[in-house]
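Residue numbers (our numbering): 260 to 497.
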């Protein structure tokens, strides 16, 4: 998992600007002073909309009247979703600080903050999976999440695009773990595991995972025909 900066296609590089009702922060291009993350440079290229003939995705967001938030065309600020807790949250704030962007919370118990250097931007602290969901619903315009979260909760939706796919932190490893004894003794590859005669329609391989979208897709792509999944939420460690 590496962290990625996400936004809706309505913010792709092109012209004209988003709309007079949603002005972008005038200083959205902020060079990082810290050499530790020289690639973390913001650019106005992430803040424009699609040409008129390609705005179907923008229209969908604007017409989503079931969304609990205010429609994009009615808002006056850009909403930026950041992870709310844990190491990812702390590292994200460090990244912004390296870019001379300080996040200010009036009340630590509130989930809305501001970046004084960007007057037309509002920060929302959310769980990473909720950042992706709110991007799709049109409640957020930008977000920083892990690529695994983007892939799992974005569900391949083309209304989400990655602006920057390597912010330089948040790396981890996703593993498929099996016992090293019993019928699994000597199994050292996915191919060997998938070919085990024990897995039948009546008695499939049982997999516990928090990835309800990516998990089944991964197993199918690797030749597993008889698999059942148990949902395991929260942190899972092999």
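We put the beta carbon where it would ideally sit given N, CA and C, even for glycine.
Since we're looking at a predicted model, the values are computed, not measured.
Does the beta-carbon of residue i, which I'm using as the reference point, lie nearer than 7 Å to any heavy atom of the ligand HEM?
i           : result
residue 467 : Here there are no bound small molecules, and the ligand HEM is not part of this structure.
Could you tell me which residues DSSP puts in a beta bridge with residue i?
i           : result
residue 490 : 468
residue 384 : 341
residue 372 : 382
residue 363 : 373
Would you mind working out which of the options sits nearest residue i, comparing C-alpha positions?
i           : options            : result
residue 468 : 437, 366, 357, 442 : 437
residue 442 : 458, 433, 430, 398 : 458
residue 424 : 434, 405, 412, 337 : 405
residue 380 : 489, 387, 334      : 334
residue 377 : 336, 388, 429      : 336
residue 360 : 350, 351, 374      : 374
residue 431 : 422, 413, 419, 407 : 407
residue 490 : 482, 480, 470      : 470
residue 450 : 483, 461, 439      : 483
residue 416 : 422, 394, 345, 354 : 394
residue 247 : 344, 476, 492, 439 : Since the first and last residues shown for the chain are 260 and 497, residue 247 lies out of range.
For residue i, collect the residues of the same chain with a Cβ closer than 8 Å to its Cβ; drop the 5 residues on either side in sequence, then sort them by chain order.
i           : result
residue 348 : 341, 342, 384
residue 414 : 472
Following the continuous beta strand (DSSP E) through residue i, name the residue where it begins and the one where it ends.
i           : result
residue 339 : 337 to 342
residue 401 : 401 to 405
residue 422 : 420 to 423
Residue i and residue j look like a contact to me (Cβ under 8 Å); what is the Cβ gap, rounded to whole Å?
i           : j           : result
residue 371 : residue 382 : 7 Å
residue 478 : residue 466 : 7 Å
residue 418 : residue 338 : Going by Cβ atoms, the distance from residue 418 to residue 338 rounds to 16 Å, so no, they are not a contact pair.
Note the first and the last residue of the continuous alpha helix (DSSP H) segment covering residue i.
i           : result
residue 474 : 473 to 480
residue 453 : 449 to 453
Suppose the cutoff is 6 Å on Cβ atoms and the five residues either side in sequence are ignored; what does the same chain contact list for residue i look like?
i           : result
residue 390 : 340, 402, 404
residue 463 : 485, 486, 487
Residues in the same chain with beta-carbon distance under 7 Å from residue i, minus the five sequence neighbours each way, listed in chain order, please.
i           : result
residue 452 : 437, 446
residue 474 : 466, 468, 488
residue 323 : Any reading at residue 323 is ruled out, since the residue's pLDDT is 33, under 50, leaving its predicted position unreliable.
residue 410 : 473
residue 392 : 412
residue 355 : 362
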